[in-house]
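Read the structure below first, then the notes.
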Amino acid sequence: MKYRTIGSDPATTREVSVIALGAMLFGSLTDEATSFAILDRYAEAGGTFVDTSDNYAFWIDGGQGGQSEDVVGRWRRSRGVGGEIAVATKLGARPLASGTSYTDNAEGLSAKVIRESAERSRERLGMERLDLLYAHIEDPAVPLRETVEGFAELVAEGTVGLLGVSNHAVWRVERARAIAAASGLPGYEVLQYQHSYLKPRLDVPESIFPDGSLGTVGPELASYLRAEPGLALVAYTPLLSGAYTRADKPLPLDYDHPGTPVRLAALREVTRETGATSNQVVLAWLLGSRVPVIPLVGASSVAQLDESLAAVDLELTADQRTRLDAAH
Ligand SMILES: NC(=O)c1ccc[n+]([C@@H]2O[C@H](COP(=O)([O-])OP(=O)(O)OC[C@H]3O[C@@H](n4cnc5c(N)ncnc54)[C@H](OP(=O)(O)O)[C@@H]3O)[C@@H](O)[C@H]2O)c1
0 MKYRTIGSDP
10 ATTREVSVIA
20 LGAMLFGSLT
30 DEATSFAILD
40 RYAEAGGTFV
50 DTSDNYAFWI
60 DGGQGGQSED
70 VVGRWRRSRG
80 VGGEIAVATK
90 LGARPLASGT
100 SYTDNAEGLS
110 AKVIRESAER
120 SRERLGMERL
130 DLLYAHIEDP
140 AVPLRETVEG
150 FAELVAEGTV
160 GLLGVSNHAV
170 WRVERARAIA
180 AASGLPGYEV
190 LQYQHSYLKP
200 RLDVPESIFP
210 DGSLGTVGPE
220 LASYLRAEPG
230 LALVAYTPLL
240 SGAYTRADKP
250 LPLDYDHPGT
260 PVRLAALREV
270 TRETGATSNQ
280 VVLAWLLGSR
290 VPVIPLVGAS
300 SVAQLDESLA
310 AVDLELTADQ
320 RTRLDAAH
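For the record, in the sequence shown the residue sitting at position 51 is 50 according to numbering that gives the first Met the number 0, with numbers rising by one throughout.
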């Protein structure tokens, strides 16, 4: 395993493994025994960065979520895990009632929600201090200052280490960080967005993104990250749910554009040269990109996790990287 530092304030900065493990489906689609086996294997391989959320995975059983945090919490307790494994969780997108969703009935990002939801997450996870807490989705109804101050209070009292943000417009991330900086408060330092080798169309409206996806790394976010090297990018769904290697996992419709076959051809070529799998080439490409990315991989078996972890040792040549980058 390799490691890198996230966060820039010496008081809260920490080292994490370069590959993060997503626990989204643990306790719902992935049963507890398998989830424990995957977590055990990840820790044994030196993995130290586990990702969950207070709403995972409400859409599986129609409830409000929490199974994933529960499983990670039980795993931590049963294995006696302490601060060596960083756990990141998220709030803001938990449905307020069973049978509803973040699209129409999300808990949001008010000061009250931030305090109460973080407390519930700490209980489920069995942690005095959450290593990293993200704002999961935007809440346009709450003034940004209230959200910024709500998160900062948790850092000040020591119940949260680092702050992160996911699925927000870049302008909103920057504005929240500016509000925090002007008040001497901690701001978002870890950005979690969907990112992979293939690029989706960004202009297709989605439920919470009427102008097209704000949850995917596009040109504006890439430019922001290059300008702000203190920020860390965590990339979710980097393997497109298995679509690179599996016929049973077709690419989503927003990848249906002329750039996709060109990029897939470059990927297949480099895959053949390396003798690795396409999944591993995609992960190696992310790990070594100009703005280094922390791939956040999901797995429903130990074998899938092993395939992803092996990408840490795959070094692409400069020529392979140039060809992958140039394919559009
Ligand atoms: N911030 C956000 O809004 C957001 C959104 C989505 C996800 N996330 C986070 O990101 C994590 C990863 O996201 P995800 O969508 O990739 O995860 P996921 O749905 O938890 O898992 C990815 C799926 O891809 C397949 N897969 C994984 N490794 C594979 C391999 N080596 N070969 C073939 N198929 C493989 C498996 O499908 P099968 O089970 O069908 O085999 C696996 O369940 C999540 O667990 C969550 O923590 C965050």
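Where a beta carbon is used, it is the ideal one built from N, C-alpha and C, also for glycine. Since the model is a prediction, treat every value here as computed from it, not as a measurement.
Can you tell me the Cβ-Cβ gap for residue i and residue j, rounded? I've got them flagged as a contact below 8 Å.
i, j, result
"Gln-193", "Gly-163", "Between Gly-163 and Gln-193 the Cβ distance is about 15 Å, and since that is not below 8 Å, they are no contact."
"Ile-5", "Val-15", "6 Å"
"Leu-266", "Leu-323", "7 Å"
"Gly-149", "Ala-175", "No, Gly-149 and Ala-175 are not in contact; Cβ-Cβ is about 11 Å, not under 8 Å."
"Leu-129", "Arg-121", "6 Å"
"Val-402", "Ser-212", "This structure leaves residue 402 out entirely; the chain is present only between 0 and 327."
"Ser-299", "Leu-24", "7 Å"
"Arg-40", "Val-301", "5 Å"
"Val-141", "Leu-108", "5 Å"
Taking C-alpha atoms, which residue in the options lies nearest to residue i?
i, options, result
"Asp-69", "Ala-302, Leu-95, Asn-54", "Asn-54"
"Gly-160", "Glu-137, Arg-144, Glu-145, Tyr-133", "Tyr-133"
"Glu-156", "Ala-117, Asn-166, Val-172", "Ala-117"
"Arg-262", "Ala-226, Gln-319, Glu-227", "Gln-319"
"Leu-230", "Arg-73, Val-49, Val-169, Ala-264", "Val-169"
"Glu-127", "Gly-81, Gly-107, Trp-284, Ser-165", "Gly-81"
"Ala-221", "Ser-288, Leu-131, Asp-60", "Ser-288"
"Thr-102", "Glu-227, Glu-219, Pro-209", "Pro-209"
"Arg-114", "His-327, Leu-153, Asp-305, Asn-166", "Leu-153"
"Phe-48", "Gly-217, Arg-119, Val-189, Gln-279", "Val-189"
"Arg-76", "Gly-125, Leu-286, Arg-119", "Gly-125"
"Pro-218", "Arg-119, Ser-277, Arg-200", "Arg-200"
"Val-233", "Leu-286, Glu-83, Val-269", "Leu-286"
"Ala-42", "Gly-186, Ala-326, Ala-317, Asp-305", "Asp-305"
"Glu-83", "Leu-90, Arg-13, Gln-63", "Arg-13"
Between the C-alpha atoms of residue i and residue j, what's the straight-line distance to the nearest angstrom?
i, j, result
"Gln-66", "Phe-57", "8 Å"
"Gly-328", "Phe-35", "Here the chain comprises residues numbered 0 to 327, so residue 328 is not present and cannot be evaluated."
"Ile-136", "Leu-143", "13 Å"
"Ala-96", "Thr-88", "20 Å"
"Asp-255", "Pro-139", "31 Å"
"Gly-21", "Gly-46", "11 Å"
"Arg-225", "Leu-315", "21 Å"
"Asp-253", "Asp-202", "9 Å"
"Asp-8", "Leu-184", "11 Å"
"Val-71", "Pro-260", "38 Å"
"Lys-198", "Asn-104", "30 Å"
"Gly-241", "Arg-271", "18 Å"
"Thr-273", "Val-311", "14 Å"
"Glu-106", "Ala-151", "19 Å"
"Arg-78", "Ala-264", "44 Å"
"Thr-99", "Thr-11", "36 Å"
"Ala-19", "Ala-92", "21 Å"
"Pro-257", "Pro-94", "37 Å"
"Ser-165", "Gly-214", "7 Å"
"Ala-85", "Leu-131", "8 Å"
"Ser-277", "His-327", "17 Å"
"Leu-38", "Gln-279", "20 Å"
"Ala-378", "Val-269", "A query on residue 378 cannot be resolved here, the shown segment of the chain reaching from 0 to 327 and no further."
"Val-216", "Tyr-223", "10 Å"
"Arg-119", "Gln-303", "31 Å"
"Val-112", "Pro-204", "28 Å"
"Glu-227", "Glu-173", "11 Å"
"Arg-171", "Gly-297", "28 Å"
"Ala-317", "Arg-245", "28 Å"
"Thr-321", "Thr-158", "43 Å"
"Leu-313", "Ala-44", "16 Å"
"Tyr-187", "Gln-63", "25 Å"
Buried or exposed: residue i, going by 16 or more other Cβ atoms within 10 Å of its Cβ?
i, result
"Ala-32", "exposed"
"Thr-146", "buried"
"Met-0", "exposed"
"Thr-51", "buried"
"Thr-29", "buried"
"Tyr-243", "buried"
"His-167", "buried"
"Tyr-2", "exposed"
"Ala-275", "buried"
"Ala-325", "exposed"
"Gly-61", "exposed"
I want to know whether the region 244-256 touches the region 168-187 - three or more CB-CB distances under 8 Å.
no
Across the region 232-241 and the region 283-297, are there enough close Cβ pairs to call them in contact, namely three or more that are closer than 8 Å?
yes
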